[in-house]
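Note sheet for the following structure.
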Amino acid sequence: MVLGVLGSGSGSNMQAILDAIEEGTLDARIGLVLSDNPDAFILKRAEKHGIETGIIDCRGFKTKFPEEAQAETALRLQEAGVELVCLAGFLRLVKWPLLDVFPQRILNIHPSLLPAFPGLESWKQALDAGEREAGCTVHFVDEGMDTGPIILQESVPILSDDTAETLHARIQVIEHRLYPAAIRKVGRAVL
Ligand code: GAR
């Protein structure tokens, strides 16, 4: 199974996917890593492992993922032979035409118990709302923001002395196990 990964930040989830592949618990390879942020650490991590990388040119838009950029991204992923696209800390909304080129083939990891707290910094939203548990979700991407059918989800208790940082760190420990497991599940079912 050839994976393409899109990320905007540190890439610890991409690293967890790579580790699972290297440990032999995920039968896949990462064919291409793309980022909308030229300075993102995810690119350095990928290069260290000899994985092809590239920059997504979002035409100066800060948050929008313009149609031309989505079309270019789809083409690059296709050229790399990608079968399944994994969003790993990618902070732009994927829509047409990328979604249509990879129908039911784009996954996202989100740091909340969806449908609760979509959007940015969800762990902070859960903390501010006085929730007693947070969590993370891997789901198929559709036209909405952090919507789409859920593949796997796991909860994390919120402790009385949690800060945004400690809570996010505990959620990430779960994310790093959950994402490879979700990719395995989808790979068995649809590819
Ligand atoms: C992860 O916690 C991921 O769930 C979150 O960004 C972080 C990326 O970390 N994604 C979202 O909030 C998407 N809405 P990473 O770059 O270390 O994998």
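Mapped onto the working numbering, the consecutive letters of the sequence shown carry residue numbers 76 to 266.
Where a beta carbon is used, it is the ideal one built from N, C-alpha and C, also for glycine.
Quantities reported herein were computed from a predicted structural model and do not represent experimental measurements.
Quick check: the stretch 197-206 against the stretch 174-181, are at least 3 beta-carbon pairs closer than 8 Å?
As far as the Cβ criterion goes, the stretch 174-181 does not touch the stretch 197-206, which means the pair count is below three.
Go through the stretch 128-167 residue by residue and report every complete run of the beta strand (DSSP E) that reaches 3 residues or more, in order.
Listed in chain order, they are 128-130, 159-162.
Going by DSSP, what residue range makes up the beta strand (DSSP E) through Arg104?
By one-based count along the sequence shown, residue 104 stands at place 29. Note, Arg104: beta strand (DSSP E), 104-110.
Thinking C-beta only, is Leu234 closer than 8 Å to Lys260?
Within the sequence shown, residue 260 is the residue found at index 185, counting from 1. Within the sequence shown, residue 234 is the residue found at index 159, counting from 1. No; because the gap between Cβ atoms is not below 8 Å, this pair is not in contact.
Classify Val282 as helix, strand or coil using the three-state DSSP reduction.
Residue 282 is absent from the structure shown; the chain starts at 76 and stops at 266.
Quick one: using the 10 Å Cβ neighbour count with 16 as the cut-off for buried, is Pro255 buried or exposed?
Position 180 of the sequence shown, counted from the start, is the residue given in the question as residue 255. Counting Cβ neighbours within 10 Å, Pro255 comes out buried, since at least 16 surround it.
So does Pro186 have its beta carbon nearer than 7 Å to some heavy atom of ligand 1?
Numbered from 1 along the sequence shown, position 111 holds the residue referred to as residue 186. Answer for Pro186: yes, Cβ within range of ligand 1.
Given Val231, which residues of its chain have a CB within under 8 Å of its CB, disregarding the five upstream and five downstream residues?
Taking the first residue of the sequence shown as position 1, residue 231 is located at position 156. Excluding positions up to five away in sequence, the list reads Glu208, Ala209, Gly210, Cys211, Leu242, Arg245, Ile246, Ile249.
Give the DSSP-derived three-state secondary structure of Glu98 in the structure shown.
For the purposes of this step, residue 98 is identified with residue 23 of the sequence shown, where counting begins at 1. Helix at Glu98.
State yes or no: is the C-beta of Asp111 within less than 8 Å of the C-beta of Ser83?
In the sequence shown, residue 111 corresponds to position 36, counting from 1. In the sequence shown, residue 83 corresponds to position 8, counting from 1. Yes. Within cutoff.
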